[in-house]
Amino acid sequence: MTTSPTTAIILGTGLGKLADEITDAARISYKDIPNFPVSTVEGHSGNLIFGKLGDKDILAMEGRFHYYEGYTMKEVTFPIRVMYELGIKTLFVSNAAGGTNPAFEIGDLMIITDQINALPENPLRGKNFPTGPRFPDMSEAYDKKLIQQAVAIATEKGIKVQQGVYLATQGPTFETPAEYKMFRIWGADAVGMSTVPEVIVANHCGIKCFGISVITDLGVEGKIVEVSHEEVQKAADAVQPLMAEIMREMINRA
Numbered sequence: 011m012t013t014s015p016t017t018a019i020i021l022g023t024g025l026g027k028l029a030d031e032i033t034d035a036a037r038i039s040y041k042d043i044p045n046f047p048v049s050t051v052e053g054h055s056g057n058l059i060f061g062k063l064g065d066k067d068i069l070a071m072e073g074r075f076h077y078y079e080g081y082t083m084k085e086v087t088f089p090i091r092v093m094y095e096l097g098i099k100t101l102f103v104s105n106a107a108g109g110t111n112p113a114f115e116i117g118d119l120m121i122i123t124d125q126i127n128a129l130p131e132n133p134l135r136g137k138n139f140p141t142g143p144r145f146p147d148m149s150e151a152y153d154k155k156l157i158q159q160a161v162a163i164a165t166e167k168g169i170k171v172q173q174g175v176y177l178a179t180q181g182p183t184f185e186t187p188a189e190y191k192m193f194r195i196w197g198a199d200a201v202g203m204s205t206v207p208e209v210i211v212a213n214h215c216g217i218k219c220f221g222i223s224v225i226t227d228l229g230v231e232g233k234i235v236e237v238s239h240e241e242v243q244k245a246a247d248a249v250q251p252l253m254a255e256i257m258r259e260m261i262n263r264a
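Residue numbers (this note's numbering): 11 to 264.
Here's what the structure looks like:
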């Protein structure tokens with residue numbers, strides 16, 4: 011199979027089933043790729059997929075890596091470095107998140123407009139890679155044109171979307187009510203445990219980014235209840251088709 015993808019997708023929580031729509035697919039297990047970590051989280055299959063989504067060549071990560079799994083930030087973001095070397099120009103990411111915005115409800119889709127790094131380390135710490143400057147600009151971590159396109163597609167298809175700021179924590183614990191309150195004061199609309207490191211490195215590599223969060227639980231005072239990973243997955247699966255439709259249309263129109 012000959013393929014030359016310039017678009018990549020990280021099939022995180024809420025987008026896993028999109029892998030079934032990739033045709034002419036060639037799957038490579040992460041364990042067979044030198045220096046690649048291996049997914050340890052339920053729901054993250056652990057394959058690199060080359061194929062087509064519609065008529066577009068695509069590279070997809072079927073499962074991602076997290077700092078809380080014990081990997082270093084450089085290991086978490088190593089796949090982004092590989093994408094850069096393969097010629098990827100645009101990266102689509104998805105995740106599950108707890109909503110801190112009082113206007114959000116479980117099952118909402120939030121287009122990410124910006125991010126806050128509340129992780130203990132920046133993935134660019136250490137020797138600078140020549141893919142970008144020592145002090146990269148992050149004033150447009152998520153591409154504004156892609157955000158506008160996503161909003162237009164959602165409106166066209168009657169899909170309700172929110173917009174907001176995503177904050178990443180270390181995990182793996184879900185947040186306490188006090189932490190949710192603090193993050194809301196900081197300006198976060200949703201809180202999760204991924205995405206931010208990958209987007210930082212992608213920006214360092216000059217790769218445009220677009221992201222969506224599935225609001226799977228609420229970190230809003232008076233609405234906070236006990237939550238499990240299984241419940242998060244169930245909530246994400248329920249709106250997966252809507253998120254996939256937006257992503258699919260964006261890629262096909264690129």
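We put the beta carbon where it would ideally sit given N, CA and C, even for glycine.
Asked	Found
Assuming Ala-200 and Ala-107 form a contact by the criterion Cβ under 8 Å, report the distance between their Cβ atoms to the nearest whole angstrom.	4 Å
Taking Ile-98 and Pro-15 to be in contact with their CB atoms under 8 Å, please state how far apart those CB atoms are, rounded to whole angstroms.	7 Å
Which of the three DSSP states is assigned to Gln-180 in this structure?	coil
Would you mind stating whether Thr-33 and Lys-66 have Cβ atoms separated by less than 8 Å?	no
So what does DSSP say about Ile-222, is it helix, strand or coil?	strand
Let's see if you can read the secondary structure: which residues bound the beta strand (DSSP E) around Met-71?	66-72
Compute the beta-carbon to beta-carbon distance between Ile-261 and Gly-64, rounded to the nearest angstrom, for a pair I have assumed lies under 8 Å.	7 Å
So does the stretch 132-140 actually touch the stretch 176-195, counting three or more Cβ pairs closer than 8 Å?	no
Count the other CB atoms within 10 Å of the CB of Pro-187; is the residue buried (16 or more) or exposed (fewer)?	exposed
Can you grab the Cα-Cα spacing for the pair Ala-35 / Phe-75, in whole Å?	22 Å
Would you report the Cα separation of Glu-79 and Gln-159, rounded to the nearest angstrom?	34 Å
With 16 as the cutoff for other CB atoms within 10 Å, does Asp-118 come out buried or exposed?	buried
Label His-54 either buried or exposed according to how many other C-beta atoms from any shown protein chain fall within 10 Å of its C-beta, with 16 as the threshold for buried.	Caution is warranted here: a pLDDT of 49 is assigned to His-54, below 50, making its placement in the model unreliable, and no coordinate value can be reported.
Going by Cα to Cα distance, which pick from Ile-126, Asp-147, Gly-22, Lys-155 is closest to Glu-100?	Contrary to the premise, residue 100 reads as Thr rather than Glu in this sequence. The option with the nearest alpha carbon to Thr-100 is Lys-155.
Would you decide whether Asn-132 is buried or exposed? Buried here means 16 or more other CB atoms lie within 10 Å of its CB.	exposed
Using the Cβ count rule (16 or more neighbours within 10 Å means buried), how would you classify Asp-30?	exposed
Between the Cα of Glu-185 and those of Asn-57, Asp-227, Arg-37, Asp-147, spot the shortest distance and give me the residue it belongs to.	Asp-227
One question on the structure: do Gln-172 and Phe-114 come within less than 8 Å of each other, judged by their Cβ atoms?	yes
State the Cα-Cα distance for the pair Glu-231 and Glu-189, rounded to the nearest angstrom.	11 Å
Do you know how far the Cα of Phe-46 is from the Cα of Phe-88?	7 Å
Here's the rule I'm using: 16 or more other beta-carbon atoms within 10 Å means buried, otherwise exposed. How should Ile-20 be labelled?	buried
Using a 10 Å radius around the Cβ and a threshold of 16 neighbouring Cβ atoms, would you call Gly-168 buried or exposed?	exposed
If you draw a straight line from the C-alpha of Tyr-77 to the C-alpha of Ala-162, how long is it?	34 Å
In angstroms, rounded to a whole number, what distance separates the CA positions of Glu-255 and Ala-70?	16 Å
Quick one, which of His-214, Leu-177, Met-253 has its alpha-carbon nearest Arg-144's?	His-214
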